[in-house]
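K.L.:
The structure that follows is given in the form of structure tokens.
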């Protein structure tokens, strides 16, 4: 499903964010990527959604080599990968409904399809009551659930969560992780980037540890060992 | 296409009223720029009218020798009329001239007394010649000075106006050059202010633009509502500028009337006659400027 082959990302003058990383993630897997700040976790996510380009090596997603993806193809790639961000990245001047609908509108979905699908996904993330609220009127946990709803609206095969619980309290963290597990159980490949020991240990899933841009451990049922 | 357009239009209007104060600030800047350009347009119109009024007062008066017959005068008038430099001619018979003279000086006893003393009409038949351009008077005078014409002409008075014409020509050239220079400076300032205002507007949207990119929106999908919003800004700003200008003209018309009364010039009429040209052009300029500024400003944030 996702293959990194000798992936290297170099920032001039002398920083390697990733150094020859090779990683294979199978369909339906739940993989936690752990590591301290500056270990290259976020770079890995940015490479997956073509926010950054590799210096050398390759990234292949469902058979598609996106290492030299054309700028015009980037939106197509991003519609196939759901991404959840630590800072939610919601559109502040759009309501909950509109934020989720935007991802569908961007790929030309019809109004009737939007009116049908958005309420469904809002029910999944338990936000049906907040449809017309603006992001500033929601708690952090609610905002992150809007982010998850938006990332799922295309029914992506891959969901990438970059520190999704970084700004949340324990109760909200559990809610979000439960939701990610549920999404994974429905067949979506989930890539969780986190430096939260509790979260990773609670999951009991595959854990890949990064340090200074290199993989230092890859355990099938791992714990936070750094 | 129309579906995508309607969606972009919806986003444009949504953004317009959800960022109401930002929209108001942008439109205010646009209105100020348009108003300053219109002040210039008005000043140009007034100065042109003043110059053309002065030019209109310039003419050559040809007085014929008393013994010249009417048919010769008619032939002469026809010949002069046909000259390409001549705009119009007006024949004034000596009797008519006398009546006018009497009417003007009816209260001046000494002049009236002198007329009685003379008994005969002392005035001559006259032909008033107006040229197409002030430069043409020189050519017409040369023709009048030809011996064949001098045979029937007693005298022509033009020399008195020669200096005025020269001055008016120089003044009108200077006013035009100054107008063009001032317009260029004003336009440049307006362009820079509007460009900057739009850049600030887009800058406040930079996070949103990058989020839109990250959730899979194409560049054209992101750009279209901003460009449409720029057109809405231009449309609203032009509409409000029209309202403000006409309001100002109505409020100022008594003062303008006093100032321009002698020139038979009304700014409202001028704007009414040139409405589509002036405001159409201003709208197109504002729109092109807005759209280009937006396009340039957005491009910076689309690289995510």
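Chains as they are written, first to last, in this note's numbering: chain G, 1379 to 1604; chain E, 349 to 652. Every residue, glycine too, gets a C-beta built ideally from N, C-alpha and C.
Are any of the Cβ atoms in chain E nearer than 8 Å to that of residue 1520(G)?
P.N.:
Position 142 of the first chain holds residue 1520(G). Chain E contact via Cβ: absent.
K.L.:
Using 8 Å as the threshold, is the C-beta distance between residue 582(E) and residue 638(E) below it?
P.N.:
The residue given as residue 582(E) occupies position 234 in the second chain. The residue given as residue 638(E) occupies position 290 in the second chain. Closer than 8 Å, so yes.
K.L.:
Which of the three DSSP states is assigned to residue 431(E) in this structure?
P.N.:
In the second chain, residue 431(E) corresponds to position 83, counting from 1. Note: residue 431(E) maps to coil in three-state DSSP.
K.L.:
Would you mind reading off the limits of the alpha helix (DSSP H) that contains residue 1401(G)?
P.N.:
As a first step, residue 1401(G) is located in the first chain; it is residue number 23 there, counting from the start. Residue range 1393-1403 is occupied by the beta strand (DSSP E) that includes residue 1401(G), with no alpha helix (DSSP H) assigned at that position.
K.L.:
Measure the beta-carbon distance from residue 360(E) to residue 542(E) and round it to whole angstroms, keeping in mind my assumption that it falls under 8 Å.
P.N.:
Stepping through the second chain from its first residue, residue 360(E) is reached at position 12. Stepping through the second chain from its first residue, residue 542(E) is reached at position 194. Actually they do not touch by this definition, with Cβ atoms about 18 Å apart.
K.L.:
When you compare each of 604(E), 377(E) and 564(E) to residue 1484(G) by their alpha carbons, which one comes out closest?
P.N.:
If you number the first chain from 1, residue 1484(G) lands on position 106. The shortest C-alpha separation from residue 1484(G) is found at 564(E).
K.L.:
According to a CB-to-CB cut-off of less than 9 Å, which residues of the stretch 1426-1451 of chain G neighbour chain E?
P.N.:
1427, 1429, 1449 and 1450
K.L.:
Using a Cβ-Cβ distance under 8 Å, would residue 566(E) count as near chain G?
P.N.:
On the second chain, position 218 is the one that residue 566(E) refers to. Yes, contact with chain G.
K.L.:
Going by DSSP, what residues sit across from residue 1593(G) in a beta bridge?
P.N.:
Counting from one through the first chain, the residue named residue 1593(G) turns up at place 215. DSSP output for residue 1593(G) lists 1588(G) as bridge partner(s).
K.L.:
Output, in chain order, the set of chain E residues within a Cβ distance shorter than 7 Å of residue 1586(G).
P.N.:
Here residue 1586(G) is taken as the residue at index 208 of the first chain, counted from 1. Residues of chain E passing the Cβ test: none, with the nearest at roughly 23 Å.
K.L.:
Between which two residues does the alpha helix (DSSP H) containing residue 1549(G) stretch?
P.N.:
Taking the first chain and counting its residues from 1, the one referred to as residue 1549(G) is at position 171. Residues 1548-1563.
K.L.:
Within the 8 Å Cβ cut-off, does residue 562(E) reach chain G?
P.N.:
In the second chain, residue 562(E) corresponds to position 214, counting from 1. Interface annotation, residue 562(E): in contact with chain G, CB-CB separation under 8 Å.
K.L.:
Using a Cβ-Cβ distance cut-off of 8 Å, determine whether residue 1484(G) contacts chain E.
P.N.:
Within the first chain, the letter at position 106 stands for residue 1484(G). Output row for residue 1484(G): interface = yes.
K.L.:
My assumption, with CB atoms under 8 Å, is that residue 1530(G) sits in contact with residue 1460(G). Please give the rounded CB distance.
P.N.:
Position 152 of the first chain, counted from the start, is the residue given in the question as residue 1530(G). Position 82 of the first chain, counted from the start, is the residue given in the question as residue 1460(G). Going by Cβ atoms, the distance from residue 1530(G) to residue 1460(G) rounds to 6 Å, so yes, they are a contact pair.
K.L.:
Could you name the residues of chain E that residue 1453(G) contacts, counting a contact when the two beta carbons are closer than 7 Å?
P.N.:
Position 75 of the first chain, counting from 1, holds the residue named residue 1453(G). In chain order: 564, 565 and 566.
K.L.:
Can you name, in chain order, every residue of its own chain whose Cβ lies under 8 Å from the Cβ of residue 453(E), other than the five neighbours on each side?
P.N.:
Counted from its first residue, the second chain places residue 453(E) at position 105. Only 459 and 460 meet the Cβ criterion.
K.L.:
With DSSP run on the structure shown, which of helix, strand or coil describes residue 505(E)?
P.N.:
In the second chain, counting from the first residue as 1, residue 505(E) sits at position 157. Three-state DSSP puts residue 505(E) in a strand.
K.L.:
Please state whether DSSP places residue 628(E) in a helix, a strand or coil.
P.N.:
Counted from its first residue, the second chain places residue 628(E) at position 280. Of the three classes helix, strand and coil, the one that applies to residue 628(E) here is helix, per DSSP.
K.L.:
Does the distance from the C-beta atom of residue 557(E) to that of residue 644(E) stay below 8 Å?
P.N.:
The residue given as residue 557(E) occupies position 209 in the second chain. The residue given as residue 644(E) occupies position 296 in the second chain. No, Cβ-Cβ distance for residue 557(E) and residue 644(E) is not below 8 Å.
K.L.:
Please give the ranges of any alpha helix (DSSP H) in the stretch 1434-1507 of chain G, keeping only runs that are unbroken, at least 4 residues long and fully inside the region.
P.N.:
Here the runs fully enclosed are 1452-1456, 1474-1483 and 1489-1502.
K.L.:
Could you tell me if residue 457(E) is buried or exposed, where buried requires 16 or more neighbouring beta carbons within 10 angstroms of its beta carbon?
P.N.:
Residue 457(E) sits at position 109 when you count from the first residue of the second chain. Within a 10 Å sphere around the beta-carbon of residue 457(E) sit fewer than 16 other beta-carbons, which makes this residue exposed.
K.L.:
Do you know offhand how far residue 1380(G)'s Cα is from residue 362(E)'s?
P.N.:
Indexing the first chain from 1 puts residue 1380(G) at position 2. Indexing the second chain from 1 puts residue 362(E) at position 14. When rounded, the distance between both Cα atoms is 39 Å.
K.L.:
Would you mind sorting residue 1450(G) into buried or exposed? The rule is 16 or more other CB atoms within 10 Å of its CB.
P.N.:
As a working mapping, residue 1450(G) is identified with position 72 in the first chain. Counting Cβ neighbours within 10 Å, residue 1450(G) comes out exposed, since fewer than 16 surround it.
K.L.:
Can you give me the Cβ contacts of residue 530(E) inside the same chain, cut-off strictly under 7 Å, excluding the 5 residues immediately before and after it?
P.N.:
Against the second chain, residue 530(E) aligns to sequence position 182. Correct list, in chain order: 388.
K.L.:
Tell me the rounded alpha-carbon separation between residue 1522(G) and residue 1436(G).
P.N.:
As a first step, residue 1522(G) is located in the first chain; it is residue number 144 there, counting from the start. As a first step, residue 1436(G) is located in the first chain; it is residue number 58 there, counting from the start. Rounded to the nearest angstrom, the two C-alpha atoms are 31 Å apart.
K.L.:
Rank 1406(G), 1491(G) and 1518(G) by C-alpha distance to the C-alpha of residue 1440(G) and give the top, closest one.
P.N.:
The residue you call residue 1440(G) lines up with position 62 of the first chain. The residue with the shortest Cα to Cα distance from residue 1440(G) is 1406(G).
K.L.:
Listing by chain order, which chain E residues have their CB less than 9 Å from the CB of residue 1528(G)?
P.N.:
For the purposes of this step, residue 1528(G) is taken as the residue at position 150 of the first chain. Here the neighbours are 563.
K.L.:
Using the three-state DSSP reduction, which class does residue 438(E) fall into: helix, strand or coil?
P.N.:
Your numbering for residue 438(E) matches position 90 in the second chain. It is a strand residue.
K.L.:
Looking at residue 1589(G) and the ligand MG, is the gap between the Cβ and the nearest heavy atom below 7 Å?
P.N.:
The ligand content of the structure shown is nil, which means the ligand MG is not present either.
K.L.:
Mind checking the stretch 356-382 of chain E against chain G and listing, in chain order, the residues whose C-beta falls within less than 8 Å of any C-beta there?
P.N.:
362, 363, 366 and 367
K.L.:
Kindly list, in the order they appear in chain G, the residues whose Cβ is closer than 8 Å to that of residue 652(E).
P.N.:
Here residue 652(E) is taken as the residue at index 304 of the second chain, counted from 1. The contacting residues are 1429.
K.L.:
What residues from chain E crowd round residue 1457(G), counting only those whose CB sits closer than 8 Å?
P.N.:
Sequence index remark: in the first chain, residue 1457(G) carries index 79 (1-based). The answer, in chain order, is 564.
K.L.:
Let me confirm a value: residue 365(E) is counted as buried when at least 16 other C-beta atoms fall within 10 Å, else exposed. Which label applies?
P.N.:
Indexing the second chain from 1 puts residue 365(E) at position 17. Counting Cβ neighbours within 10 Å, residue 365(E) comes out exposed, since fewer than 16 surround it.
K.L.:
Is there a Cβ of chain G sitting closer than 8 Å to that of residue 396(E), yes or no?
P.N.:
Stepping through the second chain from its first residue, residue 396(E) is reached at position 48. When Cβ-Cβ separations below 8 Å define contact, residue 396(E) makes no contact with chain G.
K.L.:
Show which residues of chain E have a CB atom less than 7 Å away from the CB atom of residue 1481(G).
P.N.:
Residue 1481(G) sits at position 103 when you count from the first residue of the first chain. Those are 563 and 564, listed as they occur along chain E.
K.L.:
Can you tell me which of the three DSSP states residue 1389(G) falls into?
P.N.:
By 1-based counting over the first chain, the position of residue 1389(G) is 11. If DSSP states are grouped into helix, strand and coil, residue 1389(G) belongs with the strands.
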